[in-house]
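Worksheet: one structure, shown below.
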Amino acid sequence: MTILEAARSLRVHSVTSVELATAALSRIERLDPALRAFITVTPDRALADARRADAELAAGLDRGPLQGIPVAVKDLFAIAGVPNTAGSLVYRDRVAASDCAVVERLVQAGAVMLGTLNMHELAYGVTSANPHFGAVRNPWNPDRSPGGSSGGSGAAVAAGLVFAAMGSDTGGSIRIPASFCGTVGLKPTYGRVSRYGVLPLAHTLDHMGPLARTVRDAAIVLNAIAGFDARDPASSRRPAEDFVPAEGCGIRGLRIGFAESFFFERIQAGVESAVRGAMARAEALGARLKPVRVPDPAAINAVGQVILLSEAAAVLEPYRQRRELFGGDVLALLDQGSLIPATDYIQAQRIRRSMQRSFAEVWSEVDCLITPATAITAPPAGQATVTIAGGGEPVRPAATRMSRPFNVLGLPALSIPCGLDSNRLPVGLQIAGPPFEEARLLRVGAALEDSGIGVPPPPLTAEC
Amino acid sequence: MTDWKALAHAAGLAGDEQALERVTQPLETIETVFRPLTESLPPELEPACTFDPQEPAG
């Protein structure tokens, strides 16, 4: 059931929010010991939220389609009175004093809060093999990685534990688990969604956004969380809008660009086949597919890595000498960041501005870009390298190189599932666009979804 | 090019060779792409620390 379907059912009284919350809690109890998608489950809070939603709807107070819908947030997001660990020993005793901006807005929209979700330690990695809270497992195959860093969010949505989940994305951490777990994931434009109250990894790269089962469900969540927040210095004053694509929305005449170099190089055959299939479908729906050249994404990624390593090392420097607090992979990244000179960080931010200007010219040629969301499907859990086109590559760059450019540029990017590979693992398609054009990306995603592009529920869900 | 191993030693990060490689090898990889980009920056180019994704082209 989607958020839209559940919202309709709540309003014709064929189901109650308490029933939805109880079913979600029961499913979490049954499946989560294996999935490890949650860090903290808040059943009392969820049932109280659900009772309030039912009472308000009965009294005629309608807060919109999220009212009474069970959701959860990555453990970076503060929920008042709930542990807020970022999947780390650094923050293991931290209990949030107040809600973060996103949770405030979800509460205002009437959502039912089920708890906080597991993640890669400190949001600094792509596997969600958390050494402190357990490795998140992929609902499609428990021996495969769910991706990260919002791995708990991807697994929880894919397994039907929640209707939607919040994730953060610094180099792909919403879109990678969305791709590996077969869900929709949206990284909005930098500044579109407030970061206030979310533990940071890298201040100028962090973005907050939803993972959901469908494009329209992701849009419903974005409607609730988008908008100016004076407490976030990067928050945009651009007015929020209705992001939900209309039923039967079309993409006829839309110019969709694709960059053969980089974005279609060194990708797994199953990924290429599914993504090109979706591109053909877009063309059949009337879109104009157009090859384009874009400023060198490999260079953008190098700049992004310098910025990420530096900013994350700065955020966590007070703790770095307490080395027992960190997993080995995170510690190595923090050490790397500590070595980067200030001049390199500033040069990276200067190059970033130059790249932003160059990339803006792409939008005079096309309305959006289509790329694979990840070069690979979910790799075996614990595997350090993957084989792509006969060559080996570490999992981290293989997972992030399609997504990271849009963090560096602050541009909106949507991942939707577009098919299965020969191992019956989901393939993610990325749609990226100009600043603040989330509605356009969601329209493209919804049109493809409406035309049948997508994946069935994972086998774990079907068996339960 | 930056001698990342010397920097790591100077920062007291030198463990065994494998640990040192784990820290410095990724930096060497990034450096090969990043360093050339820094060589022709116009002096008036501002850093993007206050980042505005709406900034116009050109």
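Quick mapping for you: the protein sequence lines, in order, are chains Z and U.
Residue numbers for the first sequence follow my numbering, so the first one is 1 and each next one is one higher.
Residue numbers for the second sequence follow my numbering, so the first one is 1001 and each next one is one higher.
Using N, Cα and C, we set each Cβ at its ideal position, and we do this for glycine too.
- Per the DSSP secondary-structure output, Gly391 (chain Z) pairs in a beta bridge with Z:Ile388.
- In the three-state DSSP reduction, Ser168 (chain Z) falls in the strand class (E or B).
- Contact check for Asn141 (chain Z) against Ala439 (chain Z) fails: the beta carbons are separated by 9 Å or more.
- Under the three-state reduction of DSSP output, Met208 (chain Z) falls in the strand class.
- Here the C-alpha atom of Val408 (chain Z) lies approximately 12 Å from the C-alpha atom of Arg350 (chain Z).
- Restricted to the stretch 305-390 of chain Z, the beta strand (DSSP E) segments that are unbroken, complete and at least 3 residues in length are 368-372, 385-388, listed in chain order.
- Non-local C-beta neighbours of Ser98 (chain Z) in its own chain, meaning closer than 6 Å and more than five positions away in sequence, comprise Ala80, ordered along the chain.
- Out of Z:Arg266, Z:Leu61, Z:Lys187, the CA that lies nearest to the CA of Asp169 (chain Z) is found in Z:Lys187.
- Ala287 (chain Z) has no beta-bridge partner at all, per DSSP.
- For the pair Phe263 (chain Z) and Pro297 (chain Z), the CB atoms are nearer than the 9 Å cut-off.
- Measuring C-alpha to C-alpha distances from Asn130 (chain Z) to each of Z:Gly327, Z:Pro70, Z:Val395, Z:Asp54 identifies Z:Gly327 as the nearest.
- With fewer than 16 other beta carbons inside 10 angstroms of its own, Pro318 (chain Z) counts as exposed.
- Cβ neighbours of Arg396 (chain Z) within its own chain (closer than 6 Å, five residues either side excluded): Val126.
- In this model, Leu411 (chain Z) and Gly433 (chain Z) are separated by some 6 Å (Cα to Cα).
- With 16 or more other CB atoms across the displayed protein chains lying within 10 angstroms of its CB, Pro405 (chain Z) is buried.
- Within a 10 Å sphere around the beta-carbon of Arg192 (chain Z) sit 16 or more other beta-carbons, which makes this residue buried.
- Using a Cβ-Cβ cut-off of 7 Å, Ala1008 (chain U) is close to Leu339 of chain Z, given in chain order.
- Pairing His1009 (chain U) with Gln347 (chain Z), the inter-Cα distance amounts to about 24 Å.
- Taking 9 Å as the CB threshold, Glu1017 (chain U) stays off the interface with chain Z.
- Residue environment for Asn223 (chain Z): buried (at least 16 other C-beta atoms within 10 angstroms of its C-beta).
- Thr116 (chain Z) has Z:Thr40, Z:Val73 as its beta-bridge partners, per DSSP.
- Ranked by how close their Cα comes to the Cα of Pro43 (chain Z), the residues Z:Gly64, Z:Val71, Z:Ala55, Z:Thr16 have Z:Val71 in first place.
- Bounds of any alpha helix (DSSP H) do not take in Gly125 (chain Z), whose DSSP letter is neither H nor E.
- DSSP places Cys249 (chain Z) outside any beta strand (DSSP E), giving it a letter other than H or E.
- Of all residues in the stretch 1027-1047 of chain U, only Leu1027, Ile1030, Val1033, Phe1034, Leu1037, Thr1038, Leu1041, Leu1045, Glu1046, Pro1047 come within less than 8 Å of chain Z when Cβ atoms are compared, listed by chain position.
- Lys290 (chain Z) counts as exposed, since fewer than 16 other beta carbons sit within 10 angstroms of its beta carbon.
- Here Leu316 (chain Z) is near Leu122 (chain Z), since their CB atoms are less than 9 Å apart.
- Its Cα nearest to that of Ala34 (chain Z), the residue Z:Arg137 stands out among Z:Arg288, Z:Arg51, Z:Ser88, Z:Arg137.
- Below the 7 Å Cβ cutoff, chain U contributes Pro1047 as neighbours of Ile346 (chain Z), in chain order.
- Using a C-beta cut-off of 8 Å, the stretch 351-363 of chain Z makes no contact with the stretch 222-238 of chain Z, since fewer than three inter-stretch Cβ pairs fall below that distance.
- Using a C-beta cut-off of 8 Å, the stretch 386-395 of chain Z makes no contact with the stretch 275-293 of chain Z, since fewer than three inter-stretch Cβ pairs fall below that distance.
- For Ala298 (chain Z), the nearest CB of chain U lies under 9 Å from its own CB, placing it at the interface with that chain.
- Listed in chain order, the non-local C-beta contacts of Ser451 (chain Z) below 7 Å within the same chain comprise Arg281, Leu285, local neighbours out to five positions each way being set aside.
- Within chain Z, the C-beta atoms nearer than 7 Å to that of Ala1011 (chain U) come from Ser338, Leu339, in chain order.
- Secondary structure note for Gly81 (chain Z): it is in no beta strand (DSSP E), with a DSSP letter that is neither H nor E.
- For Phe258 (chain Z), the enclosing beta strand (DSSP E) has its first and last residue at 255-258.
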